[in-house]
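Only one structure is covered here, and it is reproduced in the block below.
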Amino acid sequence: MGYDELLVYTGKLLVDAHQMDPDSKFRSYTLFSTMDIESASGLGEMPNIRAAYKYEKEFPDGPFIEETLSIIAEFNKDLYMVLRDDLDDYKYDCFRPYINGSPRLTQMSQAQRKAMSYYAKVLTINPTNARARESLEEVNNDTIKSWSFCAD
40 MGYDELLVYT GKLLVDAHQM DPDSKFRSYT LFSTMDIESA SGLGEMPNIR AAYKYEKEFP
100 DGPFIEETLS IIAEFNKDLY MVLRDDLDDY KYDCFRPYIN GSPRLTQMSQ AQRKAMSYYA
160 KVLTINPTNA RARESLEEVN NDTIKSWSFC AD
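The sequence shown finishes on residue 191 if you use our numbering, and the numbering steps up by one all the way, no holes.
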């Protein structure tokens with residue numbers, strides 16, 4: 040049971056299948072499970088961003104590529120907001136491993152460009168993805184406020 044007692048699929052079957060045989064003929068499905076993007080509660084947690092980039096590289100036309108590109112876009116969008124808003128709270132703590140010693144404005148611009156680039160990739164695959172279109176516009180015009188990861 041998930042949030043509000045709704046029945047939800049947690050991805051456990053794909054996780055188990057990947058653990059049993061990470062190199063199976065179904066790897067393009069099971070590798071997606073290594074991103075760890077949802078808990079049993081259904082609340083967004085920090086994704087395994089390395090696994091997302093690995094999936095993109097290994098399966099650029101894979102069955103979960105749109106979802107993967109969205110995860111990468113949203114991760115960079117959240118990183119951009121942490122840097123833009125100069126946060127010093129639990130959100131910053133979540134993103135601390137991805138913040139380096141270079142100037143904050145440089146990192147912020149990089150995260151903004153990456154987010155926009157990945158939202159554009161999502162829209163190339165699925166031009167009807169309204170969430171990606173809206174987020175791309177909001178990141179571009181610096182009005183984005185919605186968080187994807189690091190649930191409260």
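Every residue, glycine too, gets a C-beta built ideally from N, C-alpha and C.
Classify Pro120 as buried or exposed, calling it buried when 16 or more other Cβ atoms lie within 10 Å of its own Cβ. A quick correction: the sequence has Met, not Pro, at residue 120. With 16 or more Cβ atoms within 10 Å of its Cβ, Met120 is classed as buried.
DSSP on Cys133, reduced to helix/strand/coil? Note: Cys133 maps to helix in three-state DSSP.
Taking contact to mean at least 3 C-beta pairs separated by less than 8 angstroms, is the stretch 56 to 75 in contact with the stretch 126 to 145? Contact between the stretch 56 to 75 and the stretch 126 to 145 is absent, with fewer than three C-beta pairs closer than 8 angstroms.
Would you say Ser109 and Asn168 are within 9 angstroms of each other, going by their C-beta atoms? Cβ atoms of Ser109 and Asn168: closer than 9 angstroms.
Looking at C-alpha atoms only, which residue of Arg170, Ser185, Asp181 is the closest neighbour of Tyr158? Out of Arg170, Ser185, Asp181, Arg170 has the C-alpha closest to the C-alpha of Tyr158.
By DSSP, does Ile88 sit in helix, in strand, or in coil? Note: Ile88 maps to helix in three-state DSSP.
With a CB to CB cut of under 6 angstroms and the five nearest residues on each side skipped, what residues in its chain are close to Lys130? The residues are Val121, Cys189.
Reducing DSSP to helix, strand and coil, say where Leu205 ends up. Because the chain in this structure spans residues 40 to 191, residue 205 falls outside the shown range and cannot be described.
Beta-carbon separation of Leu175 and Ala150 under 9 angstroms? Contact: no.
Expected contact under 8 angstroms - CB spacing of Ile164 and Ile111 to nearest Å: Not quite, the Cβ-Cβ distance comes to about 13 angstroms (not below 8 angstroms), so this is no contact.
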